[in-house]
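Structure, as structure tokens:
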Amino acid sequence: LINYLSPNYDQRIDSIPNNNHQTLTSVQSFMTRIIDRNPGENEFHQAVHEVAETIIPFIHNKPQYQKAKILERIAEPERVIIFRVPWMNDQGEVEINRGYRVQMNSAIGPYKGGLRFHPSVNLSTLKFLAFEQIFKNSLTQLPMGGGKGGSDFDPKGRSDREVMFFCQSFMTELFRHISSDNDVPAGDIGVGAREIGFLFGQYKRLKNEFTGVLTGKGASYGGSLIRPEATGYGVVYFVEQMLNQRRDSIKGKRVVISGSGNVAQYTLEKCIELGAKVVTLSDSSGYIYDEKGIDAEKFAYIMHLKNEARGRINAYADKFGCEFIPGKSPWEVPCDIALPNATQNELSVDDARLLIKNGCMCVAEGANMPCTPEAIEVFENNDILYAPGKAANAGGVAVSGLEMSQNSLRLSWSREEVDKKLQEIMFNIHSTCLRYGHKPDGRISYVQGANIGGFVRVADAMLAQGLV
Ligand SMILES: NC(=O)C1=CN([C@@H]2O[C@H](COP(=O)(O)OP(=O)(O)OC[C@H]3O[C@@H](n4cnc5c(N)ncnc54)[C@H](OP(=O)(O)O)[C@@H]3O)[C@@H](O)[C@H]2O)C=CC1
Ligand SMILES: O=C(O)CCC(=O)C(=O)O
Numbered sequence: 002l003i004n005y006l007s008p009n010y011d012q013r014i015d016s017i018p019n020n021n022h023q024t025l026t027s028v029q030s031f032m033t034r035i036i037d038r039n040p041g042e043n044e045f046h047q048a049v050h051e052v053a054e055t056i057i058p059f060i061h062n063k064p065q066y067q068k069a070k071i072l073e074r075i076a077e078p079e080r081v082i083i084f085r086v087p088w089m090n091d092q093g094e095v096e097i098n099r100g101y102r103v104q105m106n107s108a109i110g111p112y113k114g115g116l117r118f119h120p121s122v123n124l125s126t127l128k129f130l131a132f133e134q135i136f137k138n139s140l141t142q143l144p145m146g147g148g149k150g151g152s153d154f155d156p157k158g159r160s161d162r163e164v165m166f167f168c169q170s171f172m173t174e175l176f177r178h179i180s181s182d183n184d185v186p187a188g189d190i191g192v193g194a195r196e197i198g199f200l201f202g203q204y205k206r207l208k209n210e211f212t213g214v215l216t217g218k219g220a221s222y223g224g225s226l227i228r229p230e231a232t233g234y235g236v237v238y239f240v241e242q243m244l245n246q247r248r249d250s251i252k253g254k255r256v257v258i259s260g261s262g263n264v265a266q267y268t269l270e271k272c273i274e275l276g277a278k279v280v281t282l283s284d285s286s287g288y289i290y291d292e293k294g295i296d297a298e299k300f301a302y303i304m305h306l307k308n309e310a311r312g313r314i315n316a317y318a319d320k321f322g323c324e325f326i327p328g329k330s331p332w333e334v335p336c337d338i339a340l341p342n343a344t345q346n347e348l349s350v351d352d353a354r355l356l357i358k359n360g361c362m363c364v365a366e367g368a369n370m371p372c373t374p375e376a377i378e379v380f381e382n383n384d385i386l387y388a389p390g391k392a393a394n395a396g397g398v399a400v401s402g403l404e405m406s407q408n409s410l411r412l413s414w415s416r417e418e419v420d421k422k423l424q425e426i427m428f429n430i431h432s433t434c435l436r437y438g439h440k441p442d443g444r445i446s447y448v449q450g451a452n453i454g455g456f457v458r459v460a461d462a463m464l465a466q467g468l469v
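Okay, structure coming up:
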């Protein structure tokens with residue numbers, strides 16, 4: 002698992018040219034083609050641009066990657082499936098949603114990535130997520146390609162029965178395109194243990210087989226221990242590594258978290274365990290600010306509120322007598338560490354400036370692409386420890402990879418074993434970022450490190466497999 006730093010990695014990194022005029026022109030012409038071929042897909046353009054800015058200079062003196070048009074091919078999905086999802090609501094009315102699966106890249110393993118159920122879901126969102134997933138999955142060093150899927154269905158406010166009918170209809174088409182050896186979906190926004198259970202049940206019924214076709218399953222039917230916790234725990238393990246670089250640690254730090262779903266919950270739990278003080282959580286209605294800090298007892302309440310009662314975050318403020326700030330994000334609250342754990346583009350350049358003004362020194366993305374490009378630039382220019390999602394939140398998919406291994410072996414590992422492997426993987430991702438992230442001025446860019454570290458493994462596999 003850990004023995005991945007092959008000796009010739011060092012030779013490949015040799016010299017990354019400065020951002021000269023030629024590089025800028027290359028990035029621009031590359032992006033012009035991407036935008037022309039994928040009109041209106043702004044999130045996808047954003048994700049590709051961020052990668053192109055670091056990969057184009059990196060491959061400047063590597064003709065093998067340029068000649069084979071590796072980056073151009075990585076930015077083109079291998080396959081996109083779009084389908085109708087008809088179902089019946091509790092009032093007996095027919096509802097119609099749209100389902101998607103973007104099978105982005107299978108160079109290093111079966112397509113792997115979550116399903117998102119949210120009204121904002123469209124092809125642009127899922128292509129950006131599937132694109133990011135290629136690099137993230139590669140960074141884990143596990144054999145997983147990149148994919149993502151979902152629907153514009155909103156589970157919020159729906160009964161369990163409606164969610165089940167929707168999931169069954171969704172899987173009635175998706176089952177033809179996935180299997181434990183070619184595409185293994187999991188959860189994402191709006192898809193948790195309940196939805197994975199319904200999806201798995203329908204797949205099993207349609208295929209008449211019990212295989213590891215989904216991850217994030219319940220522990221009683223093939224799920225891995227620590228998978229629910231993995232993304233959030235992994236974020237905190239990564240933050241601890243970054244702080245250790247500066248001979249510091251998370252203990253005693255004041256932390257601001259956005260979101261209150263799966264990733265935010267377990268980020269919070271690990272922060273509490275390691276002695277940090279978390280003062281905010283949010284959902285799409287606003288944020289709570291608890292100056293006393295969220296402790297283990299309050300955490301248990303949040304778990305009940307969000308996962309069983311399926312309530313809104315302002316109920317926390319009512320129960321514990323703290324502030325609820327409607328319609329706003331928590332970035333105005335002074336902190337040492339900010340962890341955006343809700344959704345894409347939730348942290349703007351103004352938020353970034355305010356965080357820095359208020360003393361923030363570290364930002365790690367639990368969500369996918371939560372910081373805008375301008376916000377990232379501000380963090381990097383101000384020497385803030387900034388970790389992109391494809392590195393910081395890779396713990397979730399990493400433990401999904403471990404779930405696939407356990408399913409294939411037909412056995413299950415203990416909590417301690419899985420957690421130890423998760424810590425090793427996050428440690429190794431951090432090392433990869435350091436290895437590839439050196440800027441000409443000596444600083445570390447985790448963006449550059451994660452992009453290049455993720456790219457080389459996929460690129461070499463694509464070169465080896467010919468023009469496919
Ligand atoms: N689950 C996983 O293993 C992984 C998840 N991620 C990423 O982490 C992020 C959170 O996912 P996860 O915790 O699983 O999802 P959940 O559905 O469990 O929680 C999502 C949280 O984000 C909030 N949120 C969603 N959309 C918006 C919005 N447009 N504006 C404000 N708040 C919003 C939700 O509030 P509300 O309920 O009001 O909508 C909720 O609090 C996503 O970016 C996801 O892609 C990354 C790696 C792995
Ligand atoms: O566990 C998985 O397969 C997917 C997790 C995911 O969707 C993500 O990393 O964004």
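Each residue of the sequence shown is one higher than the one before, starting from 2 at the first, in this note's numbering. In this text, a Cβ means the ideal position worked out from N, Cα and C, and glycines have one as well.
Open item on the list: Considering only heavy atoms of ligand 2, does any lie closer than 7 angstroms to the CB of Gly-115?
Closed with: The residue you call residue 115 lines up with position 114 of the sequence shown. Judged by the Cβ position, Gly-115 qualifies as a neighbour of ligand 2 at the 7 angstroms threshold, a heavy atom of the ligand being closer than this.
- [ ] Taking only heavy atoms of ligand 2 into account, decide whether any of them is closer than 7 angstroms to the Cβ of Ser-409.
- [x] Against the sequence shown, residue 409 aligns to sequence position 408. Relative to ligand 2, the beta carbon of Ser-409 is positioned no closer than 7 angstroms to any heavy atom.
TODO: Can you grab the Cα-Cα spacing for the pair Lys-278 / Glu-292, in whole Å?
DONE: Within the sequence shown, numbered from 1, the residue matching residue 278 stands at position 277. Within the sequence shown, numbered from 1, the residue matching residue 292 stands at position 291. Using only the alpha carbons, I get a separation of about 9 angstroms.
Task: Exposure of Phe-211, with buried meaning 16 or more beta-carbon neighbours within 10 Å - done: Reading the sequence shown from its first residue, position 210 is the one you call residue 211. A residue is called buried once 16 or more other Cβ atoms fall within 10 Å of its Cβ, and Phe-211, having fewer, is exposed.
Task: Spatial distance of Ile-75 from Asn-106 (CA atoms) - done: The residue given as residue 75 occupies position 74 in the sequence shown. The residue given as residue 106 occupies position 105 in the sequence shown. Distance between the alpha carbons of Ile-75 and Asn-106 is about 7 angstroms.
- [ ] Mind the definition here: the region 297-306 touches the region 214-234 only if three or more C-beta pairs lie below 8 angstroms; say whether that holds.
- [x] By the criterion of at least three beta-carbon pairs nearer than 8 angstroms, the region 297-306 is not in contact with the region 214-234.
Open item on the list: Please classify His-119 as buried or exposed, where buried requires at least 16 other C-beta atoms within 10 Å of its C-beta.
Closed with: Position 118 of the sequence shown holds residue 119. Burial check for His-119: the Cβ neighbour count within 10 Å reaches 16 or more, so the residue is buried.
Task: Beta-ladder partner(s) of Ile-326, from DSSP - done: Here residue 326 corresponds to residue number 325 of the sequence shown, with the count starting at 1. Ile-326 is bridged to Tyr-288.
Open item on the list: Give me the residue from Val-448, Ala-462, Gly-262 with the minimum Cα distance to Val-52.
Closed with: As a working mapping, residue 52 is identified with position 51 in the sequence shown. Nearest option by C-alpha distance: Val-448.
TODO: Report the rounded CA-to-CA distance for Asp-249 versus Tyr-288, giving the unit in angstroms.
DONE: Working through the sequence shown from its first residue, we reach residue 249 at position 248. Working through the sequence shown from its first residue, we reach residue 288 at position 287. Cα to Cα, Asp-249 sits roughly 28 angstroms from Tyr-288.
Task: Cβ-based neighbour list, Val-350, same chain, cut-off 7 angstroms, excluding 5 preceding and 5 following - done: As a first step, residue 350 must be located in the sequence shown, where it is residue number 349. Within the same chain, Val-350 has close Cβ partners Thr-373, Glu-375, Ala-376, Val-379.
Open item on the list: Quick check for students: name the residue ranges of the alpha helix (DSSP H) that lie wholly in the region 241-302, counting only runs of 4 or more.
Closed with: Fully enclosed alpha helix (DSSP H) runs of 4 or longer: 263-274.
TODO: Let me know if Lys-329 comes out buried or exposed under the rule of 16 or more other beta-carbons within 10 Å of its beta-carbon.
DONE: Residue numbering aside, residue 329 sits at position 328 when the sequence shown is read from its first letter. Looking at its Cβ environment, which holds fewer than 16 other Cβ atoms inside 10 Å, Lys-329 is exposed.
TODO: Use the C-beta contact count for Leu-423: other C-beta atoms within 10 angstroms, 16 or more gives buried, fewer gives exposed.
DONE: Indexing the sequence shown from 1 puts residue 423 at position 422. The residue in question, Leu-423, is buried, as its Cβ has 16 or more Cβ neighbours within 10 Å.
Task: Among Thr-281, Asn-346, Tyr-112, Arg-313, the one whose alpha carbon lies nearest that of Lys-137 - done: Translated into positions along the sequence shown, residue 137 becomes position 136. Checked all of Thr-281, Asn-346, Tyr-112, Arg-313; the closest Cα to Lys-137 is Tyr-112.
- [ ] Please go through the same chain and pick out, in chain order, the residues whose beta-carbon is closer than 7 angstroms to the beta-carbon of Lys-208, but skip the five residues on each side of it.
- [x] On the sequence shown, position 207 is the one that residue 208 refers to. Hits under 7 angstroms: Phe-176.
Task: C-alpha distance - Leu-130 paired with Glu-347, whole-angstrom precision - done: What you label residue 130 is simply residue 129 of the sequence shown in a count that begins at 1. What you label residue 347 is simply residue 346 of the sequence shown in a count that begins at 1. Each residue's alpha carbon lies about 15 angstroms from the other.
Task: Contact set for Ala-460: own chain, Cβ-Cβ below 6 angstroms, skip 5 residues either direction - done: In the sequence shown, counting from the first residue as 1, residue 460 sits at position 459. Answer for Ala-460: Tyr-66, Ile-71, listed in chain order.
Open item on the list: Are the CB atoms of Tyr-267 and Pro-229 within a distance shorter than 8 angstroms?
Closed with: Translated into the one-based positions of the sequence shown, residue 229 becomes position 228. Translated into the one-based positions of the sequence shown, residue 267 becomes position 266. Yes; because the gap between Cβ atoms is below 8 angstroms, this pair is in contact.
Open item on the list: One question on the structure: do Asn-315 and Ala-265 come within less than 8 angstroms of each other, judged by their Cβ atoms?
Closed with: Taking the sequence shown and counting its residues from 1, the one referred to as residue 315 is at position 314. Taking the sequence shown and counting its residues from 1, the one referred to as residue 265 is at position 264. No, the Cβ-Cβ distance between Asn-315 and Ala-265 is not below 8 angstroms.
- [ ] Would you grab the beta carbon distance between Ala-365 and Ala-388 for me? Rounded to a whole angstrom, and I think it's under 8 angstroms.
- [x] For the purposes of this step, residue 365 is taken as the residue at position 364 of the sequence shown. For the purposes of this step, residue 388 is taken as the residue at position 387 of the sequence shown. Contact flag correct, Cβ pair sits at about 4 angstroms.
TODO: Consider the C-beta atom of Val-379 and the heavy atoms of ligand 2; say whether any pair is separated by less than 7 angstroms.
DONE: The count along the sequence shown starts at 1 and reaches residue 379 at position 378. For Val-379, the distance from the CB to the nearest heavy atom of ligand 2 is not below 7 angstroms.
- [ ] Can you tell me the Cβ-Cβ gap for Ala-108 and Met-463, rounded? I've got them flagged as a contact below 8 angstroms.
- [x] By one-based count along the sequence shown, residue 108 stands at place 107. By one-based count along the sequence shown, residue 463 stands at place 462. Confirmed, Cβ separation roughly 5 angstroms.
- [ ] For Glu-94, count neighbouring C-beta atoms within 10 Å of its own C-beta (all shown protein chains included) and say buried if the count is 16 or more, exposed if not.
- [x] Working through the sequence shown from its first residue, we reach residue 94 at position 93. Under this definition Glu-94 is an exposed residue.
Open item on the list: What I want to know is whether the C-beta of Asn-39 ends up closer than 7 angstroms to one or more non-hydrogen atoms of ligand 2.
Closed with: As a first step, residue 39 must be located in the sequence shown, where it is residue number 38. Every heavy atom of ligand 2 is 7 angstroms or more from the Cβ of Asn-39, so no.
- [ ] Please report how far the alpha carbon of Glu-418 lies from the alpha carbon of Pro-87, in whole angstroms.
- [x] Position 417 of the sequence shown, counted from the start, is the residue given in the question as residue 418. Position 86 of the sequence shown, counted from the start, is the residue given in the question as residue 87. Pro-87 has its alpha-carbon roughly 42 angstroms from the corresponding atom of Glu-418.
Open item on the list: Within 10 Å of its beta-carbon, does Leu-468 have 16 or more other beta-carbons around it, so buried, or fewer, so exposed?
Closed with: The residue you call residue 468 lines up with position 467 of the sequence shown. Per the 10 Å Cβ criterion, exposed.
Task: Spatial neighbours of Tyr-238 in its chain, beta-carbon cut-off 8 angstroms, leaving aside the 5 residues before and after - done: Residue mapping note: residue 238 aligns to position 237 of the sequence shown, counting from 1. Here the set comprises Lys-271, Gly-396, Leu-423, Gln-424, Met-427, Phe-428.
TODO: Indicate the three-state DSSP secondary structure (helix, strand or coil) for Val-448 in the structure shown.
DONE: Here residue 448 refers to the residue found at position 447 of the sequence shown. If DSSP states are grouped into helix, strand and coil, Val-448 belongs with the helices.
- [ ] Could you tell me if the beta carbon of Asn-394 falls within a distance shorter than 7 angstroms of some heavy atom in ligand 2?
- [x] In the sequence shown, residue 394 corresponds to position 393, counting from 1. For ligand 2, a non-hydrogen atom lies closer than 7 angstroms to the CB of Asn-394.
Open item on the list: Taking 7 angstroms as the cut-off, is the C-beta of Ser-286 nearer than that to any heavy atom in ligand 1?
Closed with: As a working mapping, residue 286 is identified with position 285 in the sequence shown. It does: the Cβ of Ser-286 is within 7 angstroms (strictly closer) of some heavy atom of ligand 1.
- [ ] Could you pull out every residue in the same chain whose Cβ sits closer than 7 angstroms to the Cβ of Arg-80, ignoring the five residues on either side in sequence?
- [x] As a first step, residue 80 is located in the sequence shown; it is residue number 79 there, counting from the start. Counting only Cβ-Cβ distances below 7 angstroms, and skipping sequence neighbours, we find Gln-104.
- [ ] Determine the direct distance from the alpha carbon of Phe-84 to that of Ala-339, and round the result to whole angstroms.
- [x] Locating residue 339 in the sequence shown gives position 338, where the first residue counts as 1. Locating residue 84 in the sequence shown gives position 83, where the first residue counts as 1. C-alpha of Ala-339 to C-alpha of Phe-84: approximately 38 angstroms in a straight line.
TODO: Drop a sphere of 10 angstroms on the beta-carbon of Ala-301, count the other beta-carbons inside from all chains shown, and report buried for 16 or more, exposed for fewer.
DONE: By one-based count along the sequence shown, residue 301 stands at place 300. Exposed, because fewer than 16 other Cβ atoms sit within 10 Å of the Cβ of Ala-301.
Open item on the list: I want to check one thing, is the minimum distance from the CB of Ile-357 to the heavy atoms of ligand 1 below 7 angstroms?
Closed with: As a position in the sequence shown, residue 357 is number 356, starting the count at 1. Not one heavy atom of ligand 1 is found less than 7 angstroms from the C-beta of Ile-357.
Task: Pro-371 versus Ala-48: straight-line alpha-carbon distance, rounded - done: Locating residue 371 in the sequence shown gives position 370, where the first residue counts as 1. Locating residue 48 in the sequence shown gives position 47, where the first residue counts as 1. So the alpha carbons of these two residues sit roughly 11 angstroms apart.
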